[in-house]
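For the sequence shown, the numbering used here begins at 91 and goes up steadily by one. Idealized CB from N, CA, C, for every residue including glycine. The model shown is predicted, which means the values in this text are computed figures rather than measured ones.
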Amino acid sequence: EIDKATARLETSAAYKETDLANWMRYNWLIELPQADFASLGKAIASLENSEPLLSITRLTIKALPEDPQFQQVTITASTAMVKR
Numbered sequence: 091e092i093d094k095a096t097a098r099l100e101t102s103a104a105y106k107e108t109d110l111a112n113w114m115r116y117n118w119l120i121e122l123p124q125a126d127f128a129s130l131g132k133a134i135a136s137l138e139n140s141e142p143l144l145s146i147t148r149l150t151i152k153a154l155p156e157d158p159q160f161q162q163v164t165i166t167a168s169t170a171m172v173k174r
């Protein structure tokens, strides 16, 4: 289980392809200040399985020197949604 997470919208833009004219792409930054490796893997798998239009584009993991059991994690992800 991951106790804290912060998600913020970085950018949004319409797709340029004519077939996707009614869709928008949203780029998110998700920060996890403290996560253990096993919980992180389960959380990422759950996120990908529950959100079929989400794509993780970058994953950064840094070990915490004072507590090497936990890592700081930053996930960059994109989602696609129909325009409203």
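With 16 other Cβ atoms within 10 Å as the buried cut-off, status of residue i
i, result
"L122", "buried"
Spatial distance of residue i from residue j (CA atoms)
i, j, result
"I92", "T164", "13 Å"
"T96", "W118", "10 Å"
"A125", "A135", "14 Å"
"F160", "A170", "31 Å"
"K106", "R115", "10 Å"
"A111", "P155", "47 Å"
"R174", "D157", "45 Å"
"A104", "W113", "6 Å"
Cross-strand partners of residue i (DSSP beta bridge)
i, result
"S102", "Y116"
"L122", "V163"
"A97", "I120"
"A153", "Q161"
Among the options, the one whose alpha carbon lies nearest that of residue i
i, options, result
"E138", "R98, T166 and Q162", "T166"
"A172", "L143, I120, L99 and G131", "The question names Ala, but residue 172 is Val in the sequence shown. V172 has its Cα closest to that of L143, out of L143, I120, L99 and G131."
"L149", "E100, L110 and Q162", "Q162"
"K94", "T147, A153, S129 and N112", "S129"
"A153", "R174, G131 and F127", "F127"
Assumed close pair residue i, residue j - CB separation to whole angstroms, cut-off 8 Å
i, j, result
"S145", "S168", "5 Å"
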